Amino acid sequence: MSAMSSPLRTMTERGGRRSLLFSENLKLSQLARSGRIEEAIKVFSSMTNRNTVTWNCMISAYAKNGRVSEARTLFDRMPFKNLVSWNTMIAGYSHNGCSSEAYELFDRMPKRDQFSWTLMITCFSRNGELEKARRIFDAIPGQKSSVLFNAMISGYAKNQRFHDAVQLLNEMPIRDLVSWNSVLAGYTQNEEMLTAVKFFNETMPEKDEFSWNLIVDGFVKIGDWKSAWKFFERIPNPNVVSWVTMFNGLVTSGRIAEARRLFDQMPERNVVSWNAMLSGYVKSLQIDDALKIFMEMPERNSVSWTAMINGYARIGKLKEAKELLDKMSIKSVGAQTALMSGYIQHNRMDDARRIFEEMHTRDVVCWNTMIAGCCQCGRVDEAKELFKRMPKKDMVSWNTMITGYAQEGQIDEALRTFQEMGDKNTVSWNSIISALTQNGFYVEALQYIMWMRREGKKPDWSTFACALSACAHLAAYQAGKQLHPILLKSGYVDNLFAGNALISMYARCGRISRAKQVFDELEAVDLVSWNSLIAGYALSGNGTEAISLLRTMERSGIKPDEVTFVGVLSACSHSGLINEGLDLFKSMSKDYAVKPAAEHFACIVDLLGRAGRLEEAYELVVGMQVEENAGVWGALLGACRIYRNAGLANIAAEKLCEFEPCKSSNYVLLSNIHADAGRWDEVERMRVLMKERGVKKQAGCSWVEIKNKFCEFFSDDPKQPGTAEICLVLETLTAQMRNTGPVLGLSALDCG
DNA sequence: CTAGGGTTAG
Numbered sequence: 001m002s003a004m005s006s007p008l009r010t011m012t013e014r015g016g017r018r019s020l021l022f023s024e025n026l027k028l029s030q031l032a033r034s035g036r037i038e039e040a041i042k043v044f045s046s047m048t049n050r051n052t053v054t055w056n057c058m059i060s061a062y063a064k065n066g067r068v069s070e071a072r073t074l075f076d077r078m079p080f081k082n083l084v085s086w087n088t089m090i091a092g093y094s095h096n097g098c099s100s101e102a103y104e105l106f107d108r109m110p111k112r113d114q115f116s117w118t119l120m121i122t123c124f125s126r127n128g129e130l131e132k133a134r135r136i137f138d139a140i141p142g143q144k145s146s147v148l149f150n151a152m153i154s155g156y157a158k159n160q161r162f163h164d165a166v167q168l169l170n171e172m173p174i175r176d177l178v179s180w181n182s183v184l185a186g187y188t189q190n191e192e193m194l195t196a197v198k199f200f201n202e203t204m205p206e207k208d209e210f211s212w213n214l215i216v217d218g219f220v221k222i223g224d225w226k227s228a229w230k231f232f233e234r235i236p237n238p239n240v241v242s243w244v245t246m247f248n249g250l251v252t253s254g255r256i257a258e259a260r261r262l263f264d265q266m267p268e269r270n271v272v273s274w275n276a277m278l279s280g281y282v283k284s285l286q287i288d289d290a291l292k293i294f295m296e297m298p299e300r301n302s303v304s305w306t307a308m309i310n311g312y313a314r315i316g317k318l319k320e321a322k323e324l325l326d327k328m329s330i331k332s333v334g335a336q337t338a339l340m341s342g343y344i345q346h347n348r349m350d351d352a353r354r355i356f357e358e359m360h361t362r363d364v365v366c367w368n369t370m371i372a373g374c375c376q377c378g379r380v381d382e383a384k385e386l387f388k389r390m391p392k393k394d395m396v397s398w399n400t401m402i403t404g405y406a407q408e409g410q411i412d413e414a415l416r417t418f419q420e421m422g423d424k425n426t427v428s429w430n431s432i433i434s435a436l437t438q439n440g441f442y443v444e445a446l447q448y449i450m451w452m453r454r455e456g457k458k459p460d461w462s463t464f465a466c467a468l469s470a471c472a473h474l475a476a477y478q479a480g481k482q483l484h485p486i487l488l489k490s491g492y493v494d495n496l497f498a499g500n501a502l503i504s505m506y507a508r509c510g511r512i513s514r515a516k517q518v519f520d521e522l523e524a525v526d527l528v529s530w531n532s533l534i535a536g537y538a539l540s541g542n543g544t545e546a547i548s549l550l551r552t553m554e555r556s557g558i559k560p561d562e563v564t565f566v567g568v569l570s571a572c573s574h575s576g577l578i579n580e581g582l583d584l585f586k587s588m589s590k591d592y593a594v595k596p597a598a599e600h601f602a603c604i605v606d607l608l609g610r611a612g613r614l615e616e617a618y619e620l621v622v623g624m625q626v627e628e629n630a631g632v633w634g635a636l637l638g639a640c641r642i643y644r645n646a647g648l649a650n651i652a653a654e655k656l657c658e659f660e661p662c663k664s665s666n667y668v669l670l671s672n673i674h675a676d677a678g679r680w681d682e683v684e685r686m687r688v689l690m691k692e693r694g695v696k697k698q699a700g701c702s703w704v705e706i707k708n709k710f711c712e713f714f715s716d717d718p719k720q721p722g723t724a725e726i727c728l729v730l731e732t733l734t735a736q737m738r739n740t741g742p743v744l745g746l747s748a749l750d751c752g
């Protein structure tokens with residue numbers, strides 16, 4: 001008996017040991033996949049028996065969780081490396097975007113197989129280094145598998161090199177579904193839906209659920225849920241992904257009730273479906289409904305918890321959010337970031353900072369959230385410090401800093417950051433362009449848009465909105481006009497931000513009928529669209545039309561706001577509708593519950609002033625309940641100059657110098673008034689005051705658009721080309737205006 | 001344990 005049992009026992013022991021090792025290795029890879037890296041480390045260090053697979057698993061575990069340097073340490077220390085070890089380490093670098101490190105290993109490895117080639121091609125492609133990927137591809141000896149072709153095709157397609165992708169597709173010996181879908185994904189994910197549908201209908205010989213889902217997702221991504229629905233209905237065998245993709249399309253277009261109906265109709269639901277419903281409710285801030293789903297759902301993962309915490313955080317129920325986080329057994333980075341973000345949104349920066357500092361691991365999203373939070377509450381120096389401290393920056397980090405600097409008016413820092421960053425995406429370009437427009441550098445903004453197009457970056461709705469806004473502020477009609485067809489072709493016309501910017505551009509360039517046409521052609525309009533149009537009529541001096549638009553706007557169910565009234569009131573004053581303007585001013589607080597601000601008072605002062613009712617205007621300013629500003633006194637001063645009321649002008653100009661102590665033109669005006677009245681001592685006092693306050697004459701500057709080029713003019717600039725001609729034209733114009741137009745002092749033309 | 005469609009939720 002004993003002689004027989006001995007070898008048997010040895011065999012089972014060996015088998016047992018082997019199966020134990022196998023199951024421990026399996027456990028390691030499972031932990032790695034679900035992001036439980038700390039547990040994986042524990043398991044690995046407690047293992048007495050390790051084989052090469054164990055080491056490979058642990059390398060992969062580290063790399064998949066962003067700890068690529070620890071993975072490398074393990075790789076260097078492991079007792080025996082096989083081909084998979086090398087491939088795993090390369091994959092690790094690839095997942096973490098380290099293409100040069102990956103290539104260094106690839107170059108040194110003793111033997112290569114299909115995995116190695118494919119990994120390296122994918123790694124370079126992900127990094128946008130397509131030429132390097134192609135060099136690898138071309139150097140592969142012998143027959144290339146379709147997996148290799150597909151990797152290269154996918155790389156081209158993802159990077160919008162559609163021509164190269166299709167060419168390779170045609171060159172490969174045997175195409176399969178992955179090949180077709182790789183090209184299709186390139187189109188759908190780059191918002192090329194026209195080409196995508198054509199490829200889907202006319203080129204692809206066969207389709208699977210992937211193909212259908214890609215099309216639906218592509219339409220969802222561009223916000224066209226109707227087209228998404230058309231294709232969704234035609235899917236022969238929609239799977240869970242199809243349903244969730246369509247569901248997501250309804251949620252992003254704000255149709256939460258319809259989304260709910262679709263959810264109820266789903267033939268099968270997995271945890272992703274439930275999470276989609278949950279976060280759908282969170283997005284539309286229906287937190288009670290979200291909670292109901294959270295309680296109802298049969299299975300929860302960290303995404304579910306994170307979504308719920310995020311929901312509470314967004315409506316300011318921070319106590320509930322924190323309690324939920326405390327209940328999580330393994331607190332994911334995302335969940336902690338959600339609570340942190342809640343604190344940031346509700347101005348509890350210290351609490352946010354505490355969570356941030358206490359976190360064991362932080363991903364790039366967490367860092368970016370904290371940085372954005374600091375920027376939002378004006379702590380840009382703190383943001384800068386964090387930005388320096390963070391171990392790995394992504395595109396979002398850089399873009400956030402650019403926007404942060406811009407909001408603080410630190411345009412030089414924004415420009416420096418933009419130049420310093422390596423790769424730039426559309427958002428980076430948009431960030432710097434909107435930084436420029438927000439700070440009044442309109443010519444520079446247009447310059448950057450030109451550079452952006454030269455770099456081959458596709459403009460999106462934000463680019464168009466900024467470009468058109470710059471044109472509007474410069475009254476650059478030629479440039480703005482040319483943007484219109486480009487916008488039409490781009491497919492962003494129905495974007496309200498772009499559409500409103502277009503209205504505003506035409507309106508401010510004095511093309512009010514074109515503005516109206518754009519307005520009428522928009523699928524849906526909002527308050528901003530109405531305000532832009534009304535402001536346009538104000539600018540063109542058509543008060544009657546502005547008032548009539550206000551009425552139409554009300555009938556369409558949109559309530560006017562303070563901006564609307566600035567438009568309507570200034571329209572009244574520009575077209576001499578005195579009584580209408582005064583009536584509207586009275587009714588804006590009474591009937592519309594819009595509190596008049598200084599800007600509205602300025603309109604009425606201007607209106608009364610133009611009618612010569614200077615005393616009334618003065619009484620209004622003195623008696624107004626809101627804080628006075630330069631605009632109000634400026635309006636009064638303007639009226640005083642037309643009607644030559646030196647006494648009131650003196651008061652207004654004094655006030656103006658109080659509000660804008662650094663603006664030289666105010667002192668000059670006041671000084672001129674005193675000079676007119678022969679009060680030379682006062683003129684002298686002005687001169688001394690200017691010197692005391694350090695007021696320097698600002699160079700007057702203006703732009704002219706000639707043949708798509710912007711010419712900047714500075715006053716008193718002897719280097720200015722064509723000065724003599726310009727002065728001659730100016731003199732002629734002035735003479736003509738003296739004879740025909742309203743009487744203006746020469747100072748009215750003295751604007752550089 | 002490592003490659004090609006990074007189809008869906010954060």
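According to UniProt numbering, the first sequence holds residues 1 to 752 in order.
Even for Gly, the Cβ is constructed at its ideal location relative to N, Cα and C.
On a predicted model such as this, the values are computed, not experimentally measured, just so you know.
The region 29 to 46 in contact with the region 59 to 79 per 3-pair CB rule at 8 Å: yes
What does a CB cutoff of less than 7 Å around P173 pick up in its chain, not counting 5 residues either side in sequence? Translated into the one-based positions of the first sequence, residue 173 becomes position 173. If we look at P173 and ignore the five residues flanking it on each side, it has no Cβ neighbours.
Taking the C-alpha atoms as reference points, what is the distance between N430 and T403? Here the question's residue 430 lines up with position 430 in the first sequence. Here the question's residue 403 lines up with position 403 in the first sequence. Each residue's Cα considered, the two are about 10 Å apart.
Counting Cβ pairs, one atom from each stretch, are 3 or more of them under 8 Å apart for the region 155 to 173 and the region 125 to 137? yes
Does DSSP classify K81 as helix, strand or coil? Taking the first residue of the first sequence as 1, we reach residue 81 at position 81. If DSSP states are grouped into helix, strand and coil, K81 belongs with coil.
F80, buried or exposed, once every other Cβ within 10 Å from all chains shown has been counted against 16: Counting from 1 along the first sequence, the entry for residue 80 is found at position 80. Answer is exposed; the Cβ neighbour count stays below 16.
Please identify the residue among V147, L184, R72, V528 whose C-alpha is closest to the C-alpha of F497. In the first sequence, counting from the first residue as 1, residue 497 sits at position 497. Nearest option by C-alpha distance: V528.
Outcome for M450 when other beta-carbon atoms lying within 10 angstroms are tallied against a minimum of 16: Counting from one through the first sequence, the residue named residue 450 turns up at place 450. Exposed: under 16 other Cβ atoms inside 10 Å.
Taking V84 as the reference, which of R77, A102, L74, V53 has the closest Cα? Here the question's residue 84 lines up with position 84 in the first sequence. Closest by alpha carbon: V53.
Keeping to the same chain, check which residues put their C-beta closer than 7 Å to that of N531; ignore five residues upstream and five downstream. One-based indexing of the first sequence puts residue 531 at position 531. V563, T564, G567, listed in sequence order.
Evaluate L285 with the Cβ neighbour count: other Cβ atoms within 10 Å of its Cβ, from every protein chain shown; 16 or more gives buried, anything less gives exposed. Taking the first residue of the first sequence as 1, we reach residue 285 at position 285. L285 comes out exposed.
DSSP state of K663 mapped onto helix, strand, coil: As a first step, residue 663 is located in the first sequence; it is residue number 663 there, counting from the start. DSSP places K663 in coil when its eight states are reduced to three.
So, with DSSP's three-state summary, where would you put V493? As a first step, residue 493 is located in the first sequence; it is residue number 493 there, counting from the start. Note: V493 maps to coil in three-state DSSP.
In this structure, how does DSSP classify Q376 when only helix, strand and coil are distinguished? By one-based count along the first sequence, residue 376 stands at place 376. If DSSP states are grouped into helix, strand and coil, Q376 belongs with the helices.
Counted within 10 angstroms of its Cβ, other Cβ atoms place S329 as buried (16 or more) or exposed: Translated into the one-based positions of the first sequence, residue 329 becomes position 329. Exposed is the call here.
Can you give me the Cβ contacts of M277 inside the same chain, cut-off strictly under 8 Å, excluding the 5 residues immediately before and after it? Here residue 277 is taken as the residue at index 277 of the first sequence, counted from 1. If we look at M277 and ignore the five residues flanking it on each side, its Cβ neighbours are F247, A259, R260, F263, I293.
List, from N- to C-terminal side, the alpha helix (DSSP H) runs of 4 residues or more that fit wholly inside the region 284 to 326. 287 to 296, 302 to 314
Suppose contacts are defined by Cβ-Cβ distances below 9 Å. Is N237 in contact with S279 by that definition? Residue 237 sits at position 237 when you count from the first residue of the first sequence. Residue 279 sits at position 279 when you count from the first residue of the first sequence. For N237 and S279, no; Cβs fall outside 9 Å.
Under 9 Å between C-beta atoms of V147 and T118: Here residue 147 refers to the residue found at position 147 of the first sequence. Here residue 118 refers to the residue found at position 118 of the first sequence. Yes, the pair counts as a contact, with Cβ atoms nearer than the cut-off.
Quick check on A524: buried or exposed, where buried means 16 or more other Cβ atoms within 10 Å of its Cβ? Translated into positions along the first sequence, residue 524 becomes position 524. Exposed: under 16 other Cβ atoms inside 10 Å.
DSSP state of C509 mapped onto helix, strand, coil: To locate residue 509, count along the first sequence from 1; it is residue 509. C509 falls in the coil class under three-state DSSP.
Selection from D526, Q517, I512 that minimises the alpha carbon distance to Y537: The sequence position of residue 537 within the first sequence is 537, counting from 1. Looking at the Cα atoms, I512 is the closest of the given residues.
For the candidate residues I673, R641, M686, whose alpha-carbon lies nearest to that of C662? Mapped onto the first sequence, residue 662 falls at position 662. Selected option, being the one with the closest Cα: M686.
For N650 versus L670, is the C-beta distance shorter than 9 Å? Working through the first sequence from its first residue, we reach residue 650 at position 650. Working through the first sequence from its first residue, we reach residue 670 at position 670. Yes, Cβ-Cβ distance for N650 and L670 is below 9 Å.
Alpha-carbon spacing of S469 relative to V622, whole angstroms: Here residue 469 corresponds to residue number 469 of the first sequence, with the count starting at 1. Here residue 622 corresponds to residue number 622 of the first sequence, with the count starting at 1. Those two C-alpha atoms are separated by around 36 Å.
Would you identify the three-state DSSP class for A597, choosing helix, strand or coil? Residue numbering aside, residue 597 sits at position 597 when the first sequence is read from its first letter. Three-state result, A597: coil.
Might you give, ordered along the chain, the residues of its own chain that have their beta carbon closer than 7 Å to the beta carbon of E296, omitting 5 neighbours on each side? Looking up residue 296 in the first sequence gives position 296. No residues qualify anywhere along the chain.
Is G128 helix, strand or coil by DSSP? Here the question's residue 128 lines up with position 128 in the first sequence. It is coil, neither helix nor strand.
Span of the alpha helix (DSSP H), counted from its first residue to its last, around M340: Position 340 of the first sequence, counted from the first residue, corresponds to residue 340. Its alpha helix (DSSP H) spans residues 333 to 345.
What number of angstroms, rounded off, separates the C-alpha of L31 from the C-alpha of G480? Working through the first sequence from its first residue, we reach residue 31 at position 31. Working through the first sequence from its first residue, we reach residue 480 at position 480. If I take the Cα positions, the gap works out to 56 Å.
May I ask which residues mark the beginning and end of the alpha helix (DSSP H) holding K226? Reading the first sequence from its first residue, position 226 is the one you call residue 226. Looking at the DSSP string, the run of the alpha helix (DSSP H) that includes K226 is 225 to 234.
So does A102 have its beta carbon nearer than 8 Å to some heavy atom of the ligand GDP? The ligand content of the structure shown is nil, which means the ligand GDP is not present either.
Spatial distance of D208 from L177 (CA atoms): Numbered from 1 along the first sequence, position 208 holds the residue referred to as residue 208. Numbered from 1 along the first sequence, position 177 holds the residue referred to as residue 177. Spanning the two alpha carbons is a distance of roughly 8 Å.
How far does the alpha helix (DSSP H) with M328 in it extend, from its first residue to its last? By one-based count along the first sequence, residue 328 stands at place 328. It is not in any alpha helix (DSSP H) - M328 carries neither H nor E in the DSSP assignment.
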